[in-house]
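A.B. asks:
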Amino acid sequence: MIKDYIINFWLWWYFVKVKEIGQILLRYWLFLLGYLNVVPMVKNFFIPLYQDYTFIGRVISFIIRFIWVVVGSIIQIIATVPLIFLFIIIFFLPIIPIIMILSYLIK
Amino acid sequence: MKVFHGMQKLGNYKETSIFIDWDYLIKDRGLRKEKDDLQKLFGTFTRFMSLFVLIVLAIIDFLSGKFLLWEVFIVDRLIEVLFWVALLLFIYSFFLLRDRTKFFDTLDIKTLDMLRELENNKKLPEEIELLDYFDYDILNILDDLVRESDREFLSNLLERLIVLQKVRLLLSRLDLTIDKFEKIIHQTFITINTSQDTWLIRVMFDSFILAYTNGFEYVDEQVVFLLLCQIALKDILMNYKVMPNEVNGLLLWARNEAKKRRYNNLWKERAGLKPKNTVDRGYTSRLAVTLEKFKRDFTREVIEGDFVLSIARENELDEVVRLLKQGEKGAVLLIGDPGVGKTTLIKSLAVRMVVEDVPKELRDKRLVGFDFTRAYASSPNIDNFKIKLETILREVASTKNIILVLDDFDQLVNIRQNFAGEVINLIIEAMDKYKLRILATSTNNGYLAHIKPNIALVSLFDIVNLQEPNLEVAIQILIDLIPRIESKYRVKISFDAIRKVVQLSHKFAFDRVLPEKAIDLLTEAVVFVEEQGLNFVSELDIEKLVSKKVGVSLGTISDEESQKFTNIEEQMHKRVIGQNEAISAVADALRRSRAGISRENRPIASFLFFGPTGVGKTELAKTLAETYYGDEKLMIRLDMSEYQEDENLKRLIGYRQEDDFYGGYLTEAVRERPFSLVLLDELEKANPKVLDIFLQILDEGHVTDGIGRRVNFTNTIIIATSNVASKEIFELIKQGMDYKDVYTKVLPLIRVLFKVEFLNRFDKIIMFKPLVLPEIEQIAALMLETISKRLYEKGIFMDYSHEVLQELSHLGYNPSYGARELYRIVQENIENKIAELIVAKKLQAGRKLIINDINNFEISES
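Residue numbers (my numbering), protein chains in the order written: chain A, 1 to 107; chain B, 1001 to 1862.
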């Protein structure tokens, strides 16, 4: 009974639910990363766009890639903060009410 | 009483030991489900109450007008404690109402996919706990059923399985209703041992292996059900027209569905990330301007939702992926007959590329087809086309993110016959220079005619052959298409109809392949049914349609037809007089064929008729054509005396001379009319090399003609005739020897003339006896009957006396020519005289002709 209703709850929360929500958040993060296309831009930073190997082509490509990477990274970082915050809340979610209740009882 | 506890080893998979933890399985003593239900009920109550409290607290907070949410963190009053308790219970309710397929009381969620991955990396663990891979529903059922010695274990298991939705889906695919299956379960209990001792461990271990080896994620209810269909219910299911092959086909389908679901989830996740334009994600590829005009973008089609997966083509697809991945020599040539599923395989590859179930070298690539017929049509001349082709190949090389699909590659290299060499050189050069990744397709014939002769071209490609799928796979492919066809034509299609479509199309459309020919036949049947104002396609409709198309009756033998086949001897005797032995041998062969118990890949029947001339050999052949195929004109007659030289073989099977093809007399006739009787007259006169071709036809039921087409003979009846040993037969019969003895005596004469292996391939070698006088008389009667019928059509009645028959038979009886002489006599003495009377207007409509004897013709008013 104790295992079924109490121990299993904690096992479930930390081994299944937190993992599941964590995976969902990670998927959002990865989707955004894919959507902003920052990694391929970094990987090909010095390769000109559309294989335009002329000087002008190289310069324009560098500028575009640079702006792309900077802007994309900023958006990615801005989006990362709430995701981490959300994950922390989820992680401690069942503990917080217990602490609160205990603190009242102790008082 | 058997006690289940502790760990028990059930068997091995390769090097790995498979264990079961009985304590885990039966720890709740059959109450697993009940306990879960109780938790769910408690969970619903908790959620409802906690939500109610939270809402009430929010309202109180709202009415107090403070809206200070953070105040809850200062727990001074009971109201704040209440908030936290409600919140805790609300969270707890999610645990109680959790998805139990993902978590019951093990920490690890293990899937068979993970296990397979381990095996691929050669890291399969030494021990496996079987139940880790069983899904929730099936575990619950087993937990419920496992108890001390249960005699009805198997039937109980089946009862519990068919309640589940996924199993019901399988039942409908086997065309079994729940009622029917209840009967099967009942029959199982009666006919086989269903005890737990026999089945429990076997079911668990075997379903684990079945699920693992067939690509399932878990051992679920479908796997267990299919396993039981394969082992325990096999014989009983056959009584319900469910053959083992169909169960295997269904397993394949279930496996494909599992894969489709996985790909669909991946597609949802990844299709959105694919570039919207034509470049790769790093923008390093160049635009392929010319190709854009003549392209078919397979990956784009998948991204936009056209999701097609080949069924049972994993091996070929894996092979293509492996070869394309190599890079250096990344050209693959897919060879398969039209309709075998080449394009579907390409689409499946595109699906795998989009969901990224391919090596990383192929992930950020596009699969683009070049529509060269459109490019050719828009080119003013061949040089312009060549420039376009060259540009496109160069573009593909420079973009670096395109795998070029050249559908019907054989047609591309032969787009203008005179320029074939130049086009080929252009392609070889480009492939050599640019190291292109190409996926080309070709038909078998196209490959042999246009690609294979050029060794340099062939050496550029790795070849993957696509074989025609077997019948069970074809059935599953059709099942997969059914929803689309049903919604398009607004009809329902029964499972039996699908099965029939595949069987019959396979049997009657030889120069095409599955699954396309079955799909076409089904579509035709749907239209056929629609035209009749009906909205349900049954097995019978398919049979009717095919019978109509091929002119031969098919399907379950109807009462009328059964009568016809029982009395077939009588019918043949109406036209052929005497020759009882020959007729019964032929009738037996026909019945065997119609009942479906003769060998499949051979002609329906084959006979060698020998004996004197004019005794009914050809007549029996004609009668057979009429009885079996419905028309005596459905007979292909070859005079084998015209094939006395080696080179005559060419005339029989056709030949190619320079660029022209001359069809063979035999092969073309059979291709045009596959349901015919082939009569080979005077076989002994043919050249032995010509006869060799019939060795293959008689044995395998097909022959390859002069340009490599396979001509099918499985729906023909082959009859060869010979006049060998006529004299000997006549002499021996005259001496009073009976049929059997004469046969034994003259057979060696036949064996001298033909090779033994050739003679052995005939179903029966039948001897025809010389006709005796009473038989000649009967033939004379038949002839006079025919004349009488013809006169009757002109309004003239005819009667004749027995004396006439006697006279005619005496005059016409010639042992060396059989009934042939009789024809001449009847012509001279009867037909000519009647003709004279008609011309002289003595015999007119409404009159009656009485023939008393051949010199006494009497005319009277009728």
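We put the CB at the ideal spot given by N, CA and C, even for glycine.
Exposed or buried, E1221 of chain B, counting other C-beta atoms within 10 Å across all chains shown (16 or more means buried)?
C.D. replies: Buried, by the Cβ-count rule.
A.B. asks: Distance, Cα to Cα, L1228 of chain B vs K1259 of chain B?
C.D. replies: Near 22 Å, if we compare the C-alpha coordinates of K1259 of chain B and L1228 of chain B.
A.B. asks: Helix, strand or coil: which one does DSSP assign to V71 of chain A?
C.D. replies: Residue state, collapsed to three classes: helix.
A.B. asks: Which stretch, first to last residue, makes up the alpha helix (DSSP H) that contains K1848 of chain B?
C.D. replies: Run containing K1848 of chain B: none in the alpha helix (DSSP H); it sits in the beta strand (DSSP E), R1847 to D1853.
A.B. asks: What does a CB cutoff of less than 8 Å around R1847 of chain B pick up in its chain, not counting 5 residues either side in sequence?
C.D. replies: The residues are I1796, F1797, I1859, S1860, E1861 and S1862.
A.B. asks: Name the chain B residues whose beta carbon is nearer than 9 Å to that of L36 of chain A?
C.D. replies: Going along chain B, no residue has its Cβ under 9 Å from L36 of chain A, so there is no contact; the nearest lies around 10 Å.
A.B. asks: Can D1631 of chain B be considered in contact with the ligand SAH, in the sense that its beta carbon sits closer than 6 Å to one or more heavy atoms?
C.D. replies: With respect to the ligand SAH, the structure offers nothing, as it holds no ligand at all.
A.B. asks: Check each candidate in B:L1115, B:E1785 and B:Y1240 and name the one with the smallest Cα separation from F1208 of chain B.
C.D. replies: Out of B:L1115, B:E1785 and B:Y1240, B:L1115 has the C-alpha closest to the C-alpha of F1208 of chain B.
A.B. asks: Tell me which residues of the region 39-63 of chain A have at least one Cβ-Cβ distance to chain B shorter than 9 Å, keeping chain order.
C.D. replies: Hits within the stretch, in order: V39, P40, M41, K43, N44, I47, P48, L49, Y50, Q51, D52 and S61.
A.B. asks: Run through chain B and tell me which residues come within less than 7 Å of Y104 of chain A, C-beta to C-beta.
C.D. replies: The answer, in chain order, is V1075 and V1081.
A.B. asks: Indicate the three-state DSSP secondary structure (helix, strand or coil) for H1702 of chain B in the structure shown.
C.D. replies: DSSP places H1702 of chain B in strand when its eight states are reduced to three.
A.B. asks: If you draw a straight line from the C-alpha of Y1628 of chain B to the C-alpha of I1719 of chain B, how long is it?
C.D. replies: C-alpha separation (whole angstroms): 14 Å.
A.B. asks: Which one of B:I1402, B:I1074 and B:P1770 has the shortest CA to CA distance from K1617 of chain B?
C.D. replies: It is B:P1770 whose Cα lies nearest to the Cα of K1617 of chain B.
A.B. asks: Taking three-plus beta-carbon pairs below 8 Å as touching, is the region 1332-1339 of chain B in contact with the region 1366-1374 of chain B?
C.D. replies: Segments in contact, no.
A.B. asks: Using 7 Å as the threshold, is the C-beta distance between F1675 of chain B and I1697 of chain B below it?
C.D. replies: No. Outside cutoff.
A.B. asks: Can you tell me the Cα-Cα spacing of Q1187 of chain B and K1241 of chain B, whole angstroms?
C.D. replies: Answer to the nearest angstrom: the Cα atoms are 15 Å apart.
A.B. asks: Report yes if the C-beta distance between I1766 of chain B and L1822 of chain B is below 7 Å; otherwise report no.
C.D. replies: Going by C-beta atoms, I1766 of chain B is not nearer than 7 Å to L1822 of chain B.
A.B. asks: List the residues of chain A whose Cβ lies closer than 7 Å to the Cβ of L1436 of chain B, in chain order.
C.D. replies: The premise fails here: L1436 of chain B is roughly 16 Å from chain A at the closest Cβ pair, so nothing lies under 7 Å.
A.B. asks: Beta-carbon of T1284 of chain B versus every beta-carbon of chain A: anything under 7 Å?
C.D. replies: With 7 Å as the cut-off, T1284 of chain B counts as an interface residue toward chain A.
A.B. asks: If you compare alpha carbons, which of B:Y1662, B:S1641 and B:I1707 is closest to T1721 of chain B?
C.D. replies: Answer by Cα proximity: B:S1641.
A.B. asks: Roughly how many angstroms separate the alpha carbons of T1111 of chain B and E1316 of chain B, rounded to a whole number?
C.D. replies: Computed Cα separation, rounded: 26 Å.
A.B. asks: From V1746 of chain B to Y1800 of chain B, what does the alpha carbon distance come to, in whole angstroms?
C.D. replies: Straight-line Cα distance between these residues: approximately 40 Å.
A.B. asks: For I1717 of chain B, does the three-state DSSP call read helix, strand or coil?
C.D. replies: It is a strand residue.
A.B. asks: Quick check on the burial criterion: 16 or more other C-beta atoms within 10 angstroms. Buried or exposed for M1572 of chain B?
C.D. replies: By the neighbour-count rule (16 or more Cβ atoms within 10 Å), M1572 of chain B is buried.
A.B. asks: How many whole angstroms separate the CB atoms of L32 of chain A and A79 of chain A, which I take to be in contact at a CB cut-off of 8 Å?
C.D. replies: The pair is a contact, with the Cβ atoms about 5 Å apart (cut-off 8 Å).
A.B. asks: Checking contacts by CB at 7 Å: is I101 of chain A closer than that to chain B?
C.D. replies: Closer than 7 Å to some Cβ of chain B, the Cβ of I101 of chain A qualifies, so yes.
A.B. asks: So what's G1336 of chain B in DSSP terms, helix, strand or just coil?
C.D. replies: In this structure, G1336 of chain B counts as coil in the three-state DSSP scheme.
A.B. asks: What did DSSP end up calling E1126 of chain B once you bin it into helix, strand or coil?
C.D. replies: Coil, per DSSP.
A.B. asks: Please look up how many angstroms separate the CB atoms of G1664 of chain B and L1652 of chain B, rounded, as I've assumed it's under 8 Å.
C.D. replies: Yes, they are in contact, since the Cβ atoms of G1664 of chain B and L1652 of chain B sit about 5 Å apart, within 8 Å.
A.B. asks: Please name the residue, chosen from B:G1701, B:L1504, B:N1465 and B:A1835, that lies closest to E1319 of chain B on a Cα-to-Cα basis.
C.D. replies: Of the listed residues, the one whose Cα sits closest to E1319 of chain B is B:N1465.
A.B. asks: How many angstroms separate the CA atom of F87 of chain A from the CA atom of I21 of chain A?
C.D. replies: For F87 of chain A and I21 of chain A, the distance between alpha carbons rounds to 8 Å.
A.B. asks: Excluding five sequence neighbours on each side, which residues of the same chain lie with their C-beta closer than 6 Å to the C-beta of F45 of chain A?
C.D. replies: Result list for F45 of chain A: R65, in chain order.
A.B. asks: Could you list which residues in chain A have their beta carbon closer than 8 Å to that of S1398 of chain B, in chain order?
C.D. replies: In chain order: Q51.
A.B. asks: With 7 Å set as the bound, which would you pick, yes or no: does the beta-carbon of E1292 of chain B sit closer than that to a beta-carbon of chain A?
C.D. replies: Closer than 7 Å: no.
A.B. asks: Any contact between the region 1379-1398 of chain B and the region 1418-1426 of chain B? By contact I mean 3 or more CB pairs, one from each, below 8 Å.
C.D. replies: Touching, per the Cβ criterion.
A.B. asks: Fully enclosed by the region 1313-1392 of chain B, which beta strand (DSSP E) runs are 3 residues long or longer?
C.D. replies: Runs found: 1331-1335 and 1366-1370.
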